[in-house]
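Everything below concerns the one structure shown next.
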Amino acid sequence: MFVDLDVHQGNGNASIMADEPRVFVFSMHGAKNHPFRKQVSDLDIELDNDTGDEQYLQILAQTLPRLIMDFAPDMIFYQSAVDVLATDKLGKFGLTIEGCKARDEYVLLSLLLSHKRHNSLPAHTYTKYRENH
Numbered sequence: 001m002f003v004d005l006d007v008h009q010g011n012g013n014a015s016i017m018a019d020e021p022r023v024f025v026f027s028m029h030g031a032k033n034h035p036f037r038k039q040v041s042d043l044d045i046e047l048d049n050d051t052g053d054e055q056y057l058q059i060l061a062q063t064l065p066r067l068i069m070d071f072a073p074d075m076i077f078y079q080s081a082v083d084v085l086a087t088d089k090l091g092k093f094g095l096t097i098e099g100c101k102a103r104d105e106y107v108l109l110s111l112l113l114s115h116k117r118h119n120s121l122p123a124h125t126y127t128k129y130r131e132n133h
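Right, dumping it as C-alpha cells:
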C-alpha cells in the first residue's frame with residue numbers, strides 16, 4: 001500500500017501500480033496543483049487550495065484507518081511531504097507546522113496500531129535459553 005500525502009498527486013505510483021491488484025495506492029492532494037492531468041489511483045482525494053489543518057486532518061482520520069482495515073496490507077509506504085504547509089507558495093495548502101506534525105504523528109500511529117503483527121519472536125539465543133530454563 002502507498003499512502004501519498006504530498007500536495008501533488010502520486011501520479012508515478014498510480015501509473016506504475018495501475019495493473020497491480022496486490023498494491024493499493026491512496027493519494028490525498030491538491031485538486032488544482034501539478035500534475036494537472038491526474039493518473040487514476042485506487043483512491044484519490046482532491047482537496048481545495050487553502051485546505052487547513054482541521055479539514056485536512058478530519059478527512060485523513062475518516063479515510064486512512066478504513067483503508068488499512070479493508071485492504072490489510074503486508075507493507076505500507078508513506079510519502080510524507082512539507083509542501084502542504086501554508087508557507088510553501090507552490091503547494092497552495094494552508095497547513096501549519098503543528099498540523100503537519102499532527103498529520104505525521106497520526107499516520108505513523110495508525111500504521112503502527114493497525115499493521116499486521118507477527119506473534120512469533122525471531123530466533124535468538126535468549127529464546128533457546130528461556131526454553132531450557
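So the sequence shown is numbered by full-length UniProt numbering: it starts at 1 and just counts up by one.
Glycine included, every Cβ here is placed at the ideal spot set by N, Cα and C.
CA nearest to the CA of residue i, picked from the options
i, options, result
"serine 27", "Phe93, Leu108 and Lys38", "Lys38"
"aspartate 44", "Gly94, Ile59, Cys100 and Tyr106", "Ile59"
"glutamine 9", "Glu46, Leu109 and Ala18", "Glu46"
"leucine 113", "Gly99, Asp48, Gln55 and Leu64", "Leu64"
"arginine 22", "Asp48, Leu57, Met1 and Leu108", "Met1"
"glycine 30", "Thr51, Ser15 and Asp42", "Thr51"
"alanine 81", "Ser15, Asp48 and Val107", "Val107"
Within 8 Å, strictly: CB atoms of residue i and residue j
i, j, result
"aspartate 104", "valine 7", "no"
"glutamine 79", "leucine 5", "yes"
"phenylalanine 24", "phenylalanine 71", "yes"
"threonine 96", "aspartate 53", "yes"
"cysteine 100", "leucine 85", "yes"
"proline 35", "asparagine 13", "no"
"leucine 67", "alanine 102", "no"
### Message
If we require 3 or more residues per run, which beta strand (DSSP E) segments fall completely within the UniProt domain "Histone deacetylase" (1-107)?
### Response
2-4, 25-30, 43-47 and 77-79
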